[in-house]
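Residue numbers (this note's numbering), protein chains in the order written: chain A, 15 to 438; chain B, 86 to 323. C-beta: ideal position from N, C-alpha, C; glycine also. Given the structure is predicted, the values throughout are model-derived calculations rather than measurements. Each remark here refers to the structure printed beneath this line.
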């Protein structure tokens, strides 16, 4: 045994000797670890669903746009053709393509939609019908008619909210009005070919899909687009893919022709919602682990008082006060780390075993529930991430360390001669 | 007589005063003594005479209220806690009344514990401890936990632990108090032998007549002060 080994071996044997006390503390950590990984997995799964849903209703996990488009939403801030070509070429690089589900061109403008009964503001998006059907979830939300098809010319796919607001039906005509690329106000007649319902009023009342070619000719923008929306296989890939795109497109970015926005930048409301939800989760876990930590402090402190004579003996034999404290902290770390590991493993297993198909909250809300402009699925499918396991382990490690510090401090302060008189 | 620099223990006008409920208790009152290397000394006296407190002061387990204490020529009264722990580890061995073995370690691990803290390698530790186990009749009990040993066996393991690091001084507080006559005699034989063969200085705090009989120097304490200091044999050779 080396001296470091001595501490670990003594700590391990002390834990084993005080089996009941160790088991009680371990049980708290196991339950805490399991609950933590369960709530993180469910939370992450829910967030991933929100993000995917938000990405597929809007501009993807990553949006490649002209620098000012995010703010202006004007056709003047569209991607120049060379910049679009460079972006599309960059998306073909193997490292990016490996995680790419879809990359679609969109020509989005803010305008007005009018029918004989009235007019409503509209978010008009020119799309490639085939590519968009792969990318978007709007086609899945069809309630009447059909989604756009490649041969469509004057077709529009509109939300149920807008249809009701403008008193439209399938086949009804409506006029779209917006500023074109020349700065003129231009109108375009289209006919309703399909109606969707996402359950999100902000979408259902304003979003209109029309064929990209129709939009290009109506707005006199030719083949230009305002956005290339990129959908990835996981939101975890957003950061590395953004980094790669920024590297690949550095010349265009420096020239001010385009910018690469992550979903967090492109959808700040959703970003805030995810952060707030995460924060709520952390606060809840903080409270739970605060209570567990207090329990551990109490248990370890009682053990320090009970073992006063042992600590006196160790110091009489040559342990320094710091080593004595180190023994307590080592015991705390080993106990919380091992039990935390068991808790996390148990949590992962139980979450996977019972909830791998999702935790269904549909009893609590109807299927068309939205949050921050995003349609939410009431079934939360857990998402398991290695980083979460590592984070949890580090967190439990810190809990074990901090919960042991005060008892360890008390152990360093004992009067050795008095401790040797201590009767258990 | 030693001038103190080469003495195993030297105290100079040592006082230990405890505050108890606003009252001062003078546990040790101005004790001055010199213990030579290799001595076998008993400090005797009734309960409350201050013998355990004096032993704790010499062992650096408690600090004097005033006065000086030197162990192996080093001033321990003013040492830092860390240096004192090092001093206890390397130069002082302790034997307590209640055996005080670590219950989670085996007999062998208890005995080698000071060597372990000193950083002595495993082979050397085992060699030294095994030799002492053989010598003290404990061979074969190395892997037993303290709970599986008799009181006498536990106290012998405690003695091995106290001497295995070859300290300058072994302090024993009522080492025979919990032992029957046969176990006490055997323990005292063992300590006398180690004292004689290894030259280790032993200082006992005791009120056991058998220990007092065996001691070659008997210091009687009354009310925290030395009442008498009687030598029964020749001073050990330096």
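Where residue i falls: helix, strand or coil (DSSP)
i, result
"residue 89 (chain A)", "coil"
"residue 128 (chain B)", "strand"
"residue 376 (chain A)", "coil"
"residue 156 (chain A)", "strand"
"residue 137 (chain A)", "strand"
"residue 74 (chain A)", "strand"
"residue 182 (chain B)", "coil"
"residue 283 (chain A)", "helix"
"residue 261 (chain B)", "coil"
"residue 430 (chain A)", "helix"
"residue 236 (chain B)", "helix"
"residue 252 (chain B)", "coil"
"residue 88 (chain B)", "With a pLDDT of 46 at residue 88 (chain B), under the threshold of 50, the modelled position of that residue is not reliable, and the figure given next carries that caveat. DSSP places residue 88 (chain B) in coil when its eight states are reduced to three."
"residue 217 (chain A)", "helix"
"residue 127 (chain A)", "strand"
"residue 255 (chain A)", "helix"
"residue 438 (chain A)", "Interpretation of residue 438 (chain A) is limited by its pLDDT of 48, a score under 50 that renders its predicted location unreliable; the figure taken from the coordinates is listed afterwards. Coil, per DSSP."
"residue 4 (chain A)", "Residue 4 (chain A) is absent from the structure shown; chain A starts at 15 and stops at 438."
"residue 424 (chain A)", "helix"
"residue 32 (chain A)", "coil"
Residue i and residue j closer than 8 Å at C-beta
i, j, result
"residue 137 (chain A)", "residue 239 (chain A)", "no"
"residue 342 (chain A)", "residue 422 (chain A)", "yes"
"residue 350 (chain A)", "residue 413 (chain A)", "yes"
"residue 98 (chain B)", "residue 115 (chain B)", "yes"
"residue 236 (chain B)", "residue 217 (chain B)", "no"
"residue 217 (chain A)", "residue 173 (chain A)", "yes"
"residue 28 (chain A)", "residue 242 (chain B)", "no"
"residue 284 (chain A)", "residue 65 (chain A)", "yes"
"residue 287 (chain B)", "residue 280 (chain B)", "yes"
"residue 247 (chain A)", "residue 113 (chain A)", "yes"
"residue 170 (chain B)", "residue 332 (chain A)", "yes"
"residue 68 (chain A)", "residue 281 (chain A)", "yes"
"residue 235 (chain A)", "residue 92 (chain A)", "yes"
"residue 369 (chain A)", "residue 396 (chain A)", "yes"
"residue 259 (chain A)", "residue 76 (chain A)", "yes"
"residue 44 (chain A)", "residue 360 (chain A)", "yes"
"residue 243 (chain A)", "residue 118 (chain A)", "yes"
"residue 220 (chain B)", "residue 200 (chain B)", "no"
"residue 306 (chain B)", "residue 130 (chain B)", "yes"
"residue 153 (chain B)", "residue 160 (chain B)", "yes"
"residue 223 (chain B)", "residue 238 (chain B)", "yes"
"residue 411 (chain A)", "residue 348 (chain A)", "no"
Inter-residue CB distance, residue i and residue j (contact presumed, cutoff 8 Å)
i, j, result
"residue 146 (chain B)", "residue 431 (chain A)", "4 Å"
"residue 229 (chain B)", "residue 191 (chain B)", "6 Å"
"residue 425 (chain A)", "residue 318 (chain A)", "5 Å"
"residue 125 (chain A)", "residue 190 (chain A)", "6 Å"
"residue 203 (chain A)", "residue 71 (chain A)", "The pair is not a contact, with the Cβ atoms about 26 Å apart (cut-off 8 Å)."
"residue 156 (chain B)", "residue 177 (chain B)", "7 Å"
"residue 233 (chain A)", "residue 192 (chain A)", "7 Å"
"residue 354 (chain A)", "residue 230 (chain A)", "58 Å between Cβ atoms; not a contact."
"residue 59 (chain A)", "residue 394 (chain A)", "5 Å"
For residue i, the residue or residues it bridges with in DSSP
i, result
"residue 79 (chain A)", "A:241 and A:273"
"residue 109 (chain B)", "B:104"
"residue 160 (chain B)", "B:155"
"residue 171 (chain A)", "A:208 and A:223"
"residue 120 (chain B)", "B:94"
"residue 394 (chain A)", "A:373"
"residue 315 (chain B)", "B:303"
"residue 291 (chain B)", "B:129"
"residue 187 (chain A)", "A:205"
"residue 121 (chain A)", "A:140"
"residue 246 (chain A)", "A:114"
"residue 192 (chain A)", "A:200"
Below-8 Å beta-carbon distance, residue i vs any chain D residue
i, result
"residue 40 (chain A)", "As a matter of chain content, chain D is missing from the structure shown, whose protein chains are A and B."
Select from the stretch 311-333 of chain A all residues with a C-beta closer than 9 Å to any C-beta belonging to chain B, and list them in chain order. 323, 324, 326, 327, 328, 329, 330, 331, 332 and 333
Counting only Cβ-Cβ distances shorter than 7 Å, please list the residues of the stretch 16-37 of chain A near chain B, keeping chain order. When CB distances to chain B are screened at a threshold of 7 Å, the residues of the stretch 16-37 of chain A falling below it are 17, 20, 24, 27, 28 and 31, in chain order.
Can you list, in chain order, the residues of the stretch 184-200 of chain B whose Cβ is nearer than 9 Å to any Cβ on chain A? Those would be 185, 186, 187, 188, 189, 190, 194, 197, 198 and 199, in chain order.
Which residues of the stretch 144-172 of chain B have a Cβ closer than 8 Å to any Cβ of chain A? Give them in chain order. 144, 146, 147, 166, 167, 170 and 171
For the stretch 114-142 of chain B, which residues have a beta carbon sitting closer than 7 Å to at least one beta carbon of chain A? 141
Please identify, using Cβ separations under 7 Å, the residues of the stretch 88-110 of chain B that lie next to chain A, in order along the chain. none
Using a Cβ-Cβ cut-off of less than 9 Å, list which residues of the stretch 283-301 of chain B approach chain A; keep chain order. none
According to a CB-to-CB cut-off of less than 7 Å, which residues of the stretch 258-282 of chain A neighbour chain B? Look at the stretch 258-282 of chain A: it has no residue with a C-beta under 7 Å from a C-beta of chain B.
Check each residue of the stretch 45-65 of chain A: if its Cβ is closer than 9 Å to any Cβ of chain B, include it; give the result in chain order. none
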